[in-house]
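Visitor: If you use our numbering, the sequence shown closes out at 872, no skipped numbers anywhere. Just so you know, even glycine gets a beta-carbon here, dropped at the ideal spot from N, CA and C.
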Amino acid sequence: MTCGNCSKCGKGSGLCPISLGMAVGLTAFFAMMIWSLWILNYGVPSSMAGSPYVPETFSAALIHSLWCLLKGFLFGFFVAVFYDLMRKCKRCCCKKSDGKCDNCGCPVSPEKK
Numbered sequence: 760m761t762c763g764n765c766s767k768c769g770k771g772s773g774l775c776p777i778s779l780g781m782a783v784g785l786t787a788f789f790a791m792m793i794w795s796l797w798i799l800n801y802g803v804p805s806s807m808a809g810s811p812y813v814p815e816t817f818s819a820a821l822i823h824s825l826w827c828l829l830k831g832f833l834f835g836f837f838v839a840v841f842y843d844l845m846r847k848c849k850r851c852c853c854k855k856s857d858g859k860c861d862n863c864g865c866p867v868s869p870e871k872k
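Right, here's the structure in full:
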């Protein structure tokens with residue numbers, strides 16, 4: 760789940776937001792679709808009777824699954840973006856060698872040297 764241009768400093772690449780977003784989104788989609796089809800075919804189990812969402816038709820289940828795909832994509836996308844930002848900050852700003860990152864040139868604060 761990495762892509763070559765996600766890293767500025769050249770020491771490997773971080774998580775690709777598109778890949779992680781699609782992975783989380785598709786997992787949420789298929790989980791909701793399988794759960795909805797189970798409910799439509801076999802009814803609501805007694806342990807899940809209080810669930811806020813019980814699909815009545817296949818189209819309602821499909822629409823809810825598509826919403827889960829969108830929400831999962833956005834969640835995975837932003838997790839990867841924040842992870843890459845934190846990773847870059849740690850690598851570039853907390854390095855204790857010559858005061859600069861190898862390729863990106865971000866200065867290290869004097870206290871960190």
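#1: In the DSSP assignment, what are the bridge partners of Leu796?
#2: Just the Cα atoms here: how many angstroms apart are Pro776 and His823?
#3: Looking only at DSSP bridge pairs, what is Leu833 linked to?
#4: Please state if the CB of Tyr842 and the CB of Leu796 are separated by a distance shorter than 7 angstroms.
#5: Less than 6 angstroms between C-beta atoms, sequence neighbours within five positions excluded: which residues of the same chain meet that for Val840?
#6: Under the assumption that Cys827 contacts Ala787 (Cβ atoms under 8 angstroms), give the Cβ distance between them as a whole number of angstroms.
#7: Near Leu825, which residues of its chain fall below 8 angstroms by C-beta distance, leaving aside the five closest residues on each side in sequence?
#8: What separation, rounded to the nearest whole angstrom, lies between the Cα atoms of Ser778 and Leu829?
#9: May I ask you to report which of helix, strand or coil DSSP gives Gly897?
#10: Please report the straight-line C-alpha distance between Gly809 and Phe837, rounded to a whole angstrom.
Guide: Per the coordinate set shown:
#1: Beta-bridge partners assigned by DSSP to Leu796: none are found.
#2: Spanning the two alpha carbons is a distance of roughly 23 angstroms.
#3: In DSSP, Leu833 forms no bridge with anything.
#4: Taking 7 angstroms as the Cβ cut-off, Leu796 and Tyr842 do not qualify as a contacting pair.
#5: Once the five neighbours on either side are set aside, the close Cβ partners of Val840 are Pro776.
#6: Contact check for Cys827 and Ala787: beta-carbon distance about 4 angstroms, within the 8 angstroms limit, so the pair qualifies.
#7: Closer than 8 angstroms at the Cβ level, and outside the excluded window around Leu825, lie Phe788.
#8: The alpha-carbon atoms of Ser778 and Leu829 are separated by roughly 14 angstroms.
#9: No answer is possible for residue 897: the residues shown for the chain start at 760 and end at 872.
#10: Straight-line Cα distance between these residues: approximately 31 angstroms.
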